[in-house]
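Report on the structure given below.
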Amino acid sequence: YPGKNLGAAGEAGAVVTADAEVAERLRSLRNHAQRERYRHAEVGFNYRMDGLQGLVLKAKLGRLDRWTRERRRIASVYAAGLADLPLELPRAVRGDHVYHLYVVRTPARDRLRAWLAGQGIETGLHYPVPLHRQPFMTEMVGGGPELPESERWASHGLTLPLYYGMAPWQIELVIAGVRRFFEEAAEDGRAEVGRVA
Numbered sequence: 616y617p618g619k620n621l622g623a624a625g626e627a628g629a630v631v632t633a634d635a636e637v638a639e640r641l642r643s644l645r646n647h648a649q650r651e652r653y654r655h656a657e658v659g660f661n662y663r664m665d666g667l668q669g670l671v672l673k674a675k676l677g678r679l680d681r682w683t684r685e686r687r688r689i690a691s692v693y694a695a696g697l698a699d700l701p702l703e704l705p706r707a708v709r710g711d712h713v714y715h716l717y718v719v720r721t722p723a724r725d726r727l728r729a730w731l732a733g734q735g736i737e738t739g740l741h742y743p744v745p746l747h748r749q750p751f752m753t754e755m756v757g758g759g760p761e762l763p764e765s766e767r768w769a770s771h772g773l774t775l776p777l778y779y780g781m782a783p784w785q786i787e788l789v790i791a792g793v794r795r796f797f798e799e800a801a802e803d804g805r806a807e808v809g810r811v812a
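Letter by letter, the sequence shown follows residues 616 to 812 of the working numbering.
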């Protein structure tokens, strides 16, 4: 997917496995489920990566570590600049976070997003419909289970801009914009803006 940390120029990807049976199944599925030429045992897909995508990915792979270090640096600036606000910030539970997205959580998500848009700061909503609320799931399980944490992330998560090459003034603009929103909310007495569920 082009928007990922290591995105191709279009759609591309790879799977690595040591299981020969899994590898054979994947090779079949990626090419319309052909196990031999013009013989299709089931419905498959057209997931063959073309040479151009491979070339783009190979060229980008050598830069990925540098891009990841830069994303981590920007995330640390965000964390320092937003730490005292009523936001839930990203945190790495195990290992190292690559910050593909920088998602904060607040019950005031929609108001904060609109306010930032008014300041010329673009934000994103990622995964606003939890998996258990997707139509195919509700049809399969009759409404889906109650997953309150997933529901909160879907309704409260806001993705702040974070990308390689982001200028220091852009990072500071985002921080200042988020801070100003909460300052104005406090001045207006909107207590619900200050609570993180």
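Note that beta-carbon positions come from the ideal geometry of N, C-alpha and C, so glycine has one too.
Quick one: give me the first and last residue of the beta strand (DSSP E) that Glu651 is part of. The count along the sequence shown starts at 1 and reaches residue 651 at position 36. For Glu651, the enclosing beta strand (DSSP E) has its first and last residue at 649-651.
Residue burial classification, Tyr742 (beta-carbon count within 10 angstroms, cutoff 16): On the sequence shown, residue 742 is found 127 positions in, with the first residue counted as 1. Exposed, since its Cβ has fewer than 16 Cβ neighbours within 10 Å.
According to the neighbour-count rule (16 or more other Cβ atoms, all chains shown, within 10 Å of its Cβ), is Arg724 buried or exposed? Locating residue 724 in the sequence shown gives position 109, where the first residue counts as 1. Answer is buried; the Cβ neighbour count reaches 16.
Three-state secondary structure (DSSP) of Val718: As a first step, residue 718 is located in the sequence shown; it is residue number 103 there, counting from the start. Annotated three-state conformation of Val718 is strand, per DSSP.
I need the boundaries of the beta strand (DSSP E) containing Thr774, first residue and last residue. Here the question's residue 774 lines up with position 159 in the sequence shown. Per DSSP, Thr774 belongs to the beta strand (DSSP E) from 772-775.
Every unbroken alpha helix (DSSP H) inside the region 665-717 [4 residues or more]: Counting whole runs of 4 or more residues, the region 665-717 contains the alpha helix (DSSP H) stretches 666-676, 679-697.
Assign Leu702 to one of two classes, buried (16 or more other C-beta atoms within 10 Å of its C-beta) or exposed (fewer than that). Within the sequence shown, residue 702 is the residue found at index 87, counting from 1. Buried, by the Cβ-count rule.
Candidates Arg687, Trp730, Leu700: closest to Glu710 by CA position: Along the sequence shown, one-based indexing puts residue 710 at 95. A small correction: the amino acid at residue 710 is Gly; Glu does not occupy that position in the sequence shown. Per the Cα distances, Arg687.
Taking C-alpha atoms, which residue in Asn646, Glu799, Tyr717, Leu667 lies nearest to Val658? Here residue 658 refers to the residue found at position 43 when the sequence shown is read from its first residue. Among Asn646, Glu799, Tyr717, Leu667, the Cα nearest to that of Val658 belongs to Asn646.
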